[in-house]
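Asker:
2 protein chains.
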Amino acid sequence: MKKLILLFLSAYMVSVASAQNSDSAMIRKIYSEILVNGKAYTWLRGLSVDIGGRLSGSQEAEKAVQYAERCMKQAGADSVWLQETWVPHWVRGMKESGKIIDAKKNAQDVPVTALGGSVATPEQGITAPVVEVHDFDELKRMGREKIEGKIVFYNHPFDETMINTFEAYGEAAEYRWSGPSEAAKYGAIATICRSMTNATDDFPHTGAMGYADSLPKLPCAAISTNGADLLSRVLRSNPSTQFFLKLNCEKLDSVLSHNVIGEIRGTEHPEEIILIGGHLDSWETGKGAHDDGAGVVQAMEILRVFKALGIRPKRTIRAVAFMNEENGLKGGKKYAEVAALNKEKHIVAIESDAGGSTPYGFGLDMKADKKAKIKSWAPLFLPYLIWNYDEEHGGSDIGPLKRSQETPLIGLVVDSQRYFDYHHAASDTFDKVNKRELNLGAAAMASMAYLLSMYGL
Amino acid sequence: MKKLILLFLSAYMVSVASAQNSDSAMIRKIYSEILVNGKAYTWLRGLSVDIGGRLSGSQEAEKAVQYAERCMKQAGADSVWLQETWVPHWVRGMKESGKIIDAKKNAQDVPVTALGGSVATPEQGITAPVVEVHDFDELKRMGREKIEGKIVFYNHPFDETMINTFEAYGEAAEYRWSGPSEAAKYGAIATICRSMTNATDDFPHTGAMGYADSLPKLPCAAISTNGADLLSRVLRSNPSTQFFLKLNCEKLDSVLSHNVIGEIRGTEHPEEIILIGGHLDSWETGKGAHDDGAGVVQAMEILRVFKALGIRPKRTIRAVAFMNEENGLKGGKKYAEVAALNKEKHIVAIESDAGGSTPYGFGLDMKADKKAKIKSWAPLFLPYLIWNYDEEHGGSDIGPLKRSQETPLIGLVVDSQRYFDYHHAASDTFDKVNKRELNLGAAAMASMAYLLSMYGL
Numbered sequence: 035m036k037k038l039i040l041l042f043l044s045a046y047m048v049s050v051a052s053a054q055n056s057d058s059a060m061i062r063k064i065y066s067e068i069l070v071n072g073k074a075y076t077w078l079r080g081l082s083v084d085i086g087g088r089l090s091g092s093q094e095a096e097k098a099v100q101y102a103e104r105c106m107k108q109a110g111a112d113s114v115w116l117q118e119t120w121v122p123h124w125v126r127g128m129k130e131s132g133k134i135i136d137a138k139k140n141a142q143d144v145p146v147t148a149l150g151g152s153v154a155t156p157e158q159g160i161t162a163p164v165v166e167v168h169d170f171d172e173l174k175r176m177g178r179e180k181i182e183g184k185i186v187f188y189n190h191p192f193d194e195t196m197i198n199t200f201e202a203y204g205e206a207a208e209y210r211w212s213g214p215s216e217a218a219k220y221g222a223i224a225t226i227c228r229s230m231t232n233a234t235d236d237f238p239h240t241g242a243m244g245y246a247d248s249l250p251k252l253p254c255a256a257i258s259t260n261g262a263d264l265l266s267r268v269l270r271s272n273p274s275t276q277f278f279l280k281l282n283c284e285k286l287d288s289v290l291s292h293n294v295i296g297e298i299r300g301t302e303h304p305e306e307i308i309l310i311g312g313h314l315d316s317w318e319t320g321k322g323a324h325d326d327g328a329g330v331v332q333a334m335e336i337l338r339v340f341k342a343l344g345i346r347p348k349r350t351i352r353a354v355a356f357m358n359e360e361n362g363l364k365g366g367k368k369y370a371e372v373a374a375l376n377k378e379k380h381i382v383a384i385e386s387d388a389g390g391s392t393p394y395g396f397g398l399d400m401k402a403d404k405k406a407k408i409k410s411w412a413p414l415f416l417p418y419l420i421w422n423y424d425e426e427h428g429g430s431d432i433g434p435l436k437r438s439q440e441t442p443l444i445g446l447v448v449d450s451q452r453y454f455d456y457h458h459a460a461s462d463t464f465d466k467v468n469k470r471e472l473n474l475g476a477a478a479m480a481s482m483a484y485l486l487s488m489y490g491l
Numbered sequence: 035m036k037k038l039i040l041l042f043l044s045a046y047m048v049s050v051a052s053a054q055n056s057d058s059a060m061i062r063k064i065y066s067e068i069l070v071n072g073k074a075y076t077w078l079r080g081l082s083v084d085i086g087g088r089l090s091g092s093q094e095a096e097k098a099v100q101y102a103e104r105c106m107k108q109a110g111a112d113s114v115w116l117q118e119t120w121v122p123h124w125v126r127g128m129k130e131s132g133k134i135i136d137a138k139k140n141a142q143d144v145p146v147t148a149l150g151g152s153v154a155t156p157e158q159g160i161t162a163p164v165v166e167v168h169d170f171d172e173l174k175r176m177g178r179e180k181i182e183g184k185i186v187f188y189n190h191p192f193d194e195t196m197i198n199t200f201e202a203y204g205e206a207a208e209y210r211w212s213g214p215s216e217a218a219k220y221g222a223i224a225t226i227c228r229s230m231t232n233a234t235d236d237f238p239h240t241g242a243m244g245y246a247d248s249l250p251k252l253p254c255a256a257i258s259t260n261g262a263d264l265l266s267r268v269l270r271s272n273p274s275t276q277f278f279l280k281l282n283c284e285k286l287d288s289v290l291s292h293n294v295i296g297e298i299r300g301t302e303h304p305e306e307i308i309l310i311g312g313h314l315d316s317w318e319t320g321k322g323a324h325d326d327g328a329g330v331v332q333a334m335e336i337l338r339v340f341k342a343l344g345i346r347p348k349r350t351i352r353a354v355a356f357m358n359e360e361n362g363l364k365g366g367k368k369y370a371e372v373a374a375l376n377k378e379k380h381i382v383a384i385e386s387d388a389g390g391s392t393p394y395g396f397g398l399d400m401k402a403d404k405k406a407k408i409k410s411w412a413p414l415f416l417p418y419l420i421w422n423y424d425e426e427h428g429g430s431d432i433g434p435l436k437r438s439q440e441t442p443l444i445g446l447v448v449d450s451q452r453y454f455d456y457h458h459a460a461s462d463t464f465d466k467v468n469k470r471e472l473n474l475g476a477a478a479m480a481s482m483a484y485l486l487s488m489y490g491l
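Chains as they are written, first to last, in the numbering used here: chain G, 35 to 491; chain B, 35 to 491.
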């Protein structure tokens, strides 16, 4: 019996070893094909240079839908389709202005832009005293007495000591999202918020905010980090400094838009779907190159590489370019709704939405046994400098799938040091993305998709 | 006895654990200080913007010596001194030109620049048929019959399938270094060499070459990758295409220059030196920001952080800005010579000369027991995403120390994907370096230097 077990064990181990050998060879092929012939970079040029910024509801967003559809067909998907989703249509307006006004009424321009979803100021703008706060505790301590009738200036810088910049973002972003309504509680009339970035520059970095229904809706803007530092200095020398803010943003009627979906049908378990996605919409302050043109073109590249190498996946590989991640998540929610309605079985969903920089790991948002299965493949990824499985974040667009169907989520983890230099700002342009870094991200996800298509999860 | 051993062991383990705890706290302090108050980025601006490219023997190189001396004093080093070293003085000249000349004598300019050390062409330039070869085997097969009297065009692209771009560089660089003399064996009259880069651009990337003493010295230039692709296409349609090459570079008399050295004296074992270095000289085609301004300012930052945090190292910490890595290594050789003469004991030398990108490991060029000691500290570095100890390369400037004294070498390993986009080209400028990435490299080396100063090697 013992011998039999040993025999069985050793046969099993040989088969495991040989599977790992052939997997290792296939992953090498995937990397080589993508690094040499990859189309992601060319597709990203189309998306971020030819089309440019593409906020939900805009003409550019619709062009991006058509473009993604063409690219997925070009990639060789077995089928490509559009999935309807209603999206909000908010427009920034062209007459934004921010000025620091000193005691002698001298005005100095500083770069501001509306936070996504903000209401406009009156047409003539708002001029009012400005109070600087660093966090909500300070706001609360000041109370109505010191806040009422004023503009609140949230000056909460990124914590530079955090190694992963997403942690600093996570901690600072609440001032952007909740700041306006928190300030409204104490009678503020507008808010300006230090840009969410590690960079010291002149770009205001926008991003979504949300109003509490029960409170007045205050106009709210991001101010560049240089502008924030200047304002802070001016306030220290003269606390009665005023600020002029003008925003003419506007919320229009919702618009019918689309998620773009392309798939390669699985040969053995076509009903088991492996989703790889990114989001097609972007803030229109910049060109949406890192956020998230990169994720979209990487997902499309995965379709291409399977076809180029003649890989016939046992399970279905589905690339999704989601609409409206930035200001509503309507695309992600609609996708999960339709998946539930059609009783589709997503065995896993992977998202790349942390920029097109060098990948070094996978975030695993799933149960321990599934994590263990994925980690057992770690040796296959080490030669490609993919080593970290500690993050537990998947991605925003695939979040609704988890909430409705407990789908395990994977997020591509990439070097985060430069990401917030460009995030949601005019500087998020094609030239900031490096071709090899972008391709390495696509190759890491394609290799993961390959293993998942062979062995399930 | 057994109990005694257990008691001893457990006391030992407690002391190891508490050492690791306090080391972990100190490393956290080092990272925070550098990420928040680091001076490396400001110093790099001085070196790469205010001074600029600084080839050995140039006025800029001498300005860089004075600047590094000032910075090391500013960093708070206990002592700072210059170490004399003679360096070669080669100048590029301002009249470089390369043209593809078709059958109808139409000339098309392509970007070329002399390889470092090249002789000039005659003043009127050289016009001759050009033969493309991809490697030395092809050159050999062609032989004198097809090569004599012609310009050899080495078109050996980077192997994009390699994950670490330094491997691709290592494989391609021999055509730059040895190409001219190899071609001279078969009677060629000049060589042009595809730029050593992953980028597809219009910058010729220069770099050192070496002539064999016994062979004619051919003028030799780098051609941009776009230029190389164009020339290759033109040659395919018309193999009798000619090339015009004009170089007016010149070798002048050697110049007395300096390594710049700053140190913090060890409290317990001052005679045991931990060297951290980079090289001060750079090719003057660009501004020497990544190569190797980054390494120099990181080394200086290590002096600064020890002083800023009041760390009194048990062993001596010595920062060295080496002169003449790019075309002679005279600084590195002189340093090792003087160290031997003075019977100085370098317990380890660390170099950063792979650019200022995000660090992820340390290359260990040393014996197995010393490697094991360093790897035992790996858990302390993991929170900072430093995980890889597989490379076995230290650095060029510290190489002579190993050869003369068997000094163990450590090389900072950083993300390599973008490095060769800029390497030795006009695009190696300050704006290509990210402040946080640069600081993370300094912090990783400072933490390693701290552990080495506490525990030796």
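Note that the Cβ used here is the ideal one computed from N, Cα and C, for glycine as well. All figures in this text were calculated on a predicted structure; none of them were measured in a lab.
Between Ile226/B and Ala256/B, what straight-line distance do the alpha-carbon atoms span, to the nearest angstrom?
Answerer: 6 Å
Asker: List the residues of chain G whose Cβ lies closer than 8 Å to the Cβ of Pro417/B, in chain order.
Answerer: What Pro417/B touches in chain G: Ile197.
Asker: Any beta carbon from chain G within less than 8 Å of Asp449/B's own beta carbon?
Answerer: yes
Asker: Identify every run of the alpha helix (DSSP H) within the segment 412-482 of chain G, keeping only runs that are complete inside it and at least 4 residues long; order them along the chain.
Answerer: Secondary structure within the segment 412-482 of chain G: the alpha helix (DSSP H) runs of 4 or more consecutive residues, fully enclosed, are 412-415, 433-439, 453-456 (chain order).
Asker: Determine the chain G residues that contact Arg452/B at a beta-carbon separation under 7 Å, and present them in chain order.
Answerer: Asn468
Asker: Of all Cβ atoms in chain G, is any one closer than 8 Å to the Cβ of Val495/B?
Answerer: For chain B, the structure presents residues 35 to 491; residue 495/B sits outside this window and is missing.
Asker: Which ranges would you report for the beta strand (DSSP E) in the segment 217-267 of chain B if only whole runs of at least 3 residues count?
Answerer: 224-228, 254-257
Asker: Applying the 10 Å Cβ sphere with the 16-neighbour rule, what's the burial state of Pro393/B?
Answerer: buried
Asker: Give me the residue from Ala480/G, Glu359/G, Ile444/G with the minimum Cα distance to Leu398/G.
Answerer: Ile444/G
Asker: Run through DSSP, which three-state label would Ile408/G get?
Answerer: Here Ile408/G sits in helix by DSSP.
Asker: Quick one: which chain B residues come within Cβ less than 8 Å of Val382/G?
Answerer: Per Cβ cutoff of 8 Å: no residues; Val382/G is ~25 Å from chain B at best.
Asker: Which class does Ala333/B belong to by DSSP, given the choice of helix, strand or coil?
Answerer: Residue state, collapsed to three classes: helix.
Asker: For Glu359/G, tell me which candidate among Ser316/G, Arg79/G, Glu335/G, Val289/G has the shortest Cα-Cα distance.
Answerer: Nearest option by C-alpha distance: Ser316/G.
Asker: Work out the CA separation of Ile345/G and Phe200/G for me, nearest whole Å.
Answerer: 35 Å
Asker: Taking the alpha helix (DSSP H) that Leu375/B belongs to, which residues open and close that run?
Answerer: 364-375
Asker: Just curious, the alpha helix (DSSP H) that Gly177/B is in, first and last residue?
Answerer: 170-181 is the extent of the alpha helix (DSSP H) around Gly177/B.
Asker: Quick one: what's Phe356/G bridged to in DSSP?
Answerer: His313/G
Asker: To the nearest angstrom, how far is the alpha carbon of Gly159/B from that of Lys139/B?
Answerer: 16 Å
Asker: Hey, Asn293/B and Thr119/B are a contact pair by Cβ (cut 8 Å); roughly how many whole angstroms apart?
Answerer: 6 Å
Asker: Can you tell me the Cα-Cα spacing of Ala74/G and Gln332/G, whole angstroms?
Answerer: 6 Å
Asker: So Val132/B is in the alpha helix (DSSP H); what residue range does that whole segment cover?
Answerer: Sequence check: residue 132/B is Gly here, not Val. Per DSSP, Gly132/B belongs to no alpha helix (DSSP H); it is in the beta strand (DSSP E), 131-135.
Asker: Counting only Cβ pairs nearer than 9 Å, list the residues of chain B close to Tyr65/G.
Answerer: Thr195, Ile197
Asker: Which residues, in order along the segment 67-89 of chain G, keep a beta-carbon less than 8 Å from a beta-carbon of chain B?
Answerer: Leu69, Val70
Asker: Does the separation of the CB atoms of Ala1/G and Met334/G fall below 8 Å?
Answerer: A query on residue 1/G cannot be resolved here, the shown segment of chain G reaching from 35 to 491 and no further.
Asker: If we count the other Cβ atoms within 10 Å of its Cβ and call it buried at 16 or more, is Leu173/G buried or exposed?
Answerer: Buried is the call here.
Asker: Tell me the rounded alpha-carbon separation between Val354/G and Ala370/G.
Answerer: 12 Å
Asker: Of the residues Lys107/B, Ala137/B, Tyr423/B, Pro434/B, which one's Cα is nearest the Cα of Ser271/B?
Answerer: Ala137/B
Asker: For Gly127/B, I'd like the list of residues in its chain whose CB is within less than 8 Å of its CB, leaving aside the five on either flank, ordered along the chain.
Answerer: Sequence-distant Cβ neighbours of Gly127/B in its own chain, meaning closer than 8 Å and more than five residues away, are Ala148, Ala154, Leu281, Asn282, Cys283, Glu284.
Asker: State the beta-bridge partners of Val289/G as determined by DSSP.
Answerer: Val121/G
Asker: Interface residues of chain G around Thr392/B at Cβ under 7 Å?
Answerer: Asp449, Gln451
Asker: By Cβ distance, which residues of its chain are closer than 7 Å to Asp169/G, with the 5 residues on each side in sequence left out?
Answerer: Same-chain partners within the cutoff: His190.
Asker: Within the 8 Å Cβ cut-off, does Asn232/G reach chain B?
Answerer: yes
Asker: Provide the residue span of the alpha helix (DSSP H) that contains Lys97/B, from first to last.
Answerer: 93-109
Asker: Going by other Cβ atoms of all chains shown within 10 Å of its Cβ, with 16 needed for buried, is Pro417/G buried or exposed?
Answerer: By the neighbour-count criterion, in which 16 or more other beta carbons inside 10 Å mark a residue as buried, Pro417/G falls on the exposed side.
Asker: Can you tell me the Cβ-Cβ gap for Ser391/B and Arg452/B, rounded? I've got them flagged as a contact below 8 Å.
Answerer: 6 Å
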